[in-house]
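Asks: The structure follows.
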DNA sequence: TAAGGTATAGAACAAAAGTTCCAAAACCGG
DNA sequence: CCGGTTTTGGAACTTTTGTTCTATACCTTA
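Protein chains in written order, with the numbering used here: chain A, 194 to 402; chain B, 194 to 402.
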């Protein structure tokens, strides 16, 4: 990336501000007006440079087809149900992420969610998970996984006990050690056949007010 | 808000998807193509209804001037230090929110932070706050306040014990009841003169991976 | 000073896109 | 079945907007 001229920086800043304020990108002539430039060709000229240098992308022949890569992305995470001790957690279906508009969603940032796919959220019902430092009403961020690595925090369904619990998982031979988040508490050892991994916990969010 | 017809829901979903994929709103004719509609007037007709019912906003005579109200905006929250049992928490200074770029920041959404002013974040050091269901490494979202209401979750400095703790605060005469988040635990009663409110806790964020 | 790249102007053109009008079709309660 | 409303279809019209061409000024460098 080459250094940008003052004009180019001005244009780039204007585009970002415009998108922030209006919600859609500016036209060439919006930029002309906003940057005190007297010709559309000047803007076009500089936009070409900005595009070549990778500062933005343009859709040709498309009005307002200027795309400033967002500094960071928002992520819409579907809130698909509740997690409680006595019942298996809801499983996201294939179209859960398609019609986000329909259900309830949580808007988070990429900083929290990462670039992961298959992330969904569950609301905690009941006080049964305080040993995982999770309170009634907390939001648990889950990732849909078929398998988990040792040390992952997971939601497991204990078949015999008929219970969901949130623990860090360590395989030890044919049994599994489930370590509570609260490391002052004792781990739970269960038979490997008794645990069914329902998803990986990637975060917990609590709003106290 | 009236119920939307199938067509209107279809159009609304298409707009959201389009904005998500392309980064700018669709034109009327984009919607015509995307929803298998045979005339721009049909789209215009339905957009008018959607606007009247408050589902979107239109900038007249502006290409792609369709605005689906974003559920919320981004918020940059400064991460100004650590919170641990044995030491008072860092206090945000006047310019903490001015040069956000300088220090470390957390990017969150308005859905989490709200429209509040004076929000900052602290990282939890140590296991001393598990009784507040807060783990080592968790992020505590704080709001700078001079006073707190009964029932607020606050960070208080206990002068005698020289200790920070996170509890819900209830004034009871000249003593204060400090109620742990984990409501299976017993409250702590202390002298009102012994507590110094350092900030209000508005949330907790834990990332487990 | 000449040459060449960079930047700005102005104008004109063509395509894209919002708006409007009217008529036909579909729907719906009585 | 009727009369009204809602919804759709088609077309034309106007404005907006991306694109392009040419001319000019500015600057650096040989």
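Every residue, glycine too, gets a C-beta built ideally from N, C-alpha and C. These numbers come from a predicted model, not from an experiment.
Relative to the C-alpha of residue 198 of chain A, which candidate in A:238, A:324, A:362 and A:352 has its C-alpha closest?
Replies: A:238
Asks: Inspect the beta-carbon positions of residue 270 of chain A and residue 398 of chain B and report whether they are closer than 9 angstroms.
Replies: no
Asks: Per DSSP, residue 384 of chain B forms a beta bridge with which residues?
Replies: B:368
Asks: Determine contact between the segment 238-247 of chain B and the segment 197-216 of chain B, defined as no fewer than three beta-carbon pairs at a distance below 8 angstroms.
Replies: Contact check between the segment 238-247 of chain B and the segment 197-216 of chain B: three or more CB pairs, one atom from each, fall below 8 angstroms, which counts as touching.
Asks: Name, going along the chain, the residues of the segment 208-242 of chain B whose beta-carbon falls closer than 9 angstroms to a beta-carbon of chain A.
Replies: 209, 210, 212, 213, 215, 216, 217, 218 and 220
Asks: Would you mind telling me which residues of chain B sit closer than 7 angstroms to residue 399 of chain A, beta carbon to beta carbon, in chain order?
Replies: 396 and 397
Asks: Evaluate residue 384 of chain B with the Cβ neighbour count: other Cβ atoms within 10 Å of its Cβ, from every protein chain shown; 16 or more gives buried, anything less gives exposed.
Replies: exposed
Asks: At the 9 angstroms Cβ level, is residue 302 of chain B part of the contact set with chain A, yes or no?
Replies: yes
Asks: Tell me where the alpha helix (DSSP H) around residue 298 of chain B begins and ends.
Replies: It is not in any alpha helix (DSSP H) - residue 298 of chain B instead sits in the beta strand (DSSP E) that spans 298-302.
Asks: Please compile the residues from chain A whose C-beta is within a distance smaller than 9 angstroms of the C-beta of residue 320 of chain B.
Replies: 375, 376 and 377
Asks: Which residues does DSSP pair with residue 270 of chain A in a beta bridge?
Replies: A:299
Asks: Starting from the beta carbon of residue 256 of chain B, find every residue of chain A whose beta carbon is closer than 8 angstroms, and list them in chain order.
Replies: 220, 256 and 257
Asks: If you run the structure through DSSP and keep just helix, strand and coil, what is residue 341 of chain A?
Replies: coil
Asks: Quick check: what's the CA-CA separation for residue 323 of chain A versus residue 205 of chain B?
Replies: 41 angstroms
Asks: If you follow the alpha helix (DSSP H) that residue 242 of chain B is in, where does it begin and where does it stop?
Replies: 233-245
Asks: Around the C-beta of residue 253 of chain B, are 16 or more other C-beta atoms found within 10 angstroms, so that it is buried, or is it exposed?
Replies: An exposed status is given to residue 253 of chain B, since fewer than 16 other beta-carbon atoms sit within 10 Å of its beta-carbon.
Asks: Would you kindly check if the distance between the Cβ of residue 387 of chain B and the Cβ of residue 334 of chain B is under 9 angstroms?
Replies: Pairing residue 334 of chain B with residue 387 of chain B gives a Cβ-Cβ distance that is not under 9 angstroms.
Asks: What residues in the segment 343-354 of chain A have a beta carbon less than 8 angstroms from any beta carbon of chain B?
Replies: 345 and 346
Asks: For residue 382 of chain A, I'd like the list of residues in its chain whose CB is within less than 6 angstroms of its CB, leaving aside the five on either flank, ordered along the chain.
Replies: The answer, listed in chain order, is 368 and 370.
Asks: Compare the C-beta of residue 370 of chain A with all C-beta atoms of chain B and state if any pair is closer than 9 angstroms.
Replies: no
Asks: Could you tell me if residue 401 of chain B is buried or exposed, where buried requires 16 or more neighbouring beta carbons within 10 angstroms of its beta carbon?
Replies: buried
Asks: Assign residue 377 of chain A to one of three DSSP states: helix, strand, or coil.
Replies: coil
Asks: Among the candidates A:308, A:393, A:330 and A:375, whose CA atom is the shortest distance from the CA of residue 349 of chain A?
Replies: A:393
Asks: Name the residue from A:258, A:227, A:233 and A:207 whose alpha carbon lies nearest to the alpha carbon of residue 187 of chain B.
Replies: Residue 187 of chain B lies beyond the residue range present for chain B, which begins at 194 and ends at 402; the question has no answer from this structure.
Asks: Tell me, please, whether the CB atom of residue 367 of chain A is closer than 9 angstroms to any CB atom in chain B?
Replies: At a cut-off of 9 angstroms between beta-carbon atoms, residue 367 of chain A makes no contact with chain B.
Asks: Kindly indicate which three-state DSSP category residue 347 of chain A falls into: helix, strand or coil?
Replies: DSSP places residue 347 of chain A in strand when its eight states are reduced to three.
Asks: Rounded to a whole number of angstroms, what is the C-alpha to C-alpha distance between residue 404 of chain A and residue 364 of chain A?
Replies: Given a span of 194 to 402 for chain A in the structure shown, any question on residue 404 of chain A remains unanswerable.
Asks: Going by the CB atoms, is the gap between residue 319 of chain B and residue 403 of chain B shorter than 9 angstroms?
Replies: What the structure shows of chain B is the stretch from 194 to 402, and residue 403 of chain B is not part of that stretch, so it cannot be assessed.
Asks: When the cut-off is 9 angstroms and only beta carbons count, does residue 305 of chain B lie next to chain A?
Replies: Yes, its Cβ sits closer than 9 angstroms to a Cβ of chain A.
Asks: Taking 9 angstroms as the threshold (C-beta atoms), are residue 251 of chain A and residue 260 of chain A in contact?
Replies: yes
Asks: Going by the CB atoms, is the gap between residue 325 of chain B and residue 358 of chain B shorter than 9 angstroms?
Replies: yes
Asks: Would you kindly report the start and end of the unbroken alpha helix (DSSP H) that includes residue 282 of chain B?
Replies: It is not in any alpha helix (DSSP H) - residue 282 of chain B carries neither H nor E in the DSSP assignment.
Asks: Once DSSP output is grouped into helix, strand and coil, what is the label at residue 221 of chain A?
Replies: helix
Asks: What would DSSP say about residue 205 of chain A, mapped onto helix, strand or coil?
Replies: helix
Asks: Name the one or two DSSP bridge partners that residue 250 of chain A has.
Replies: According to DSSP, which records beta bridges pairwise, residue 250 of chain A is partnered with A:260.
Asks: Please report the straight-line C-alpha distance between residue 210 of chain A and residue 216 of chain A, rounded to a whole angstrom.
Replies: 10 angstroms
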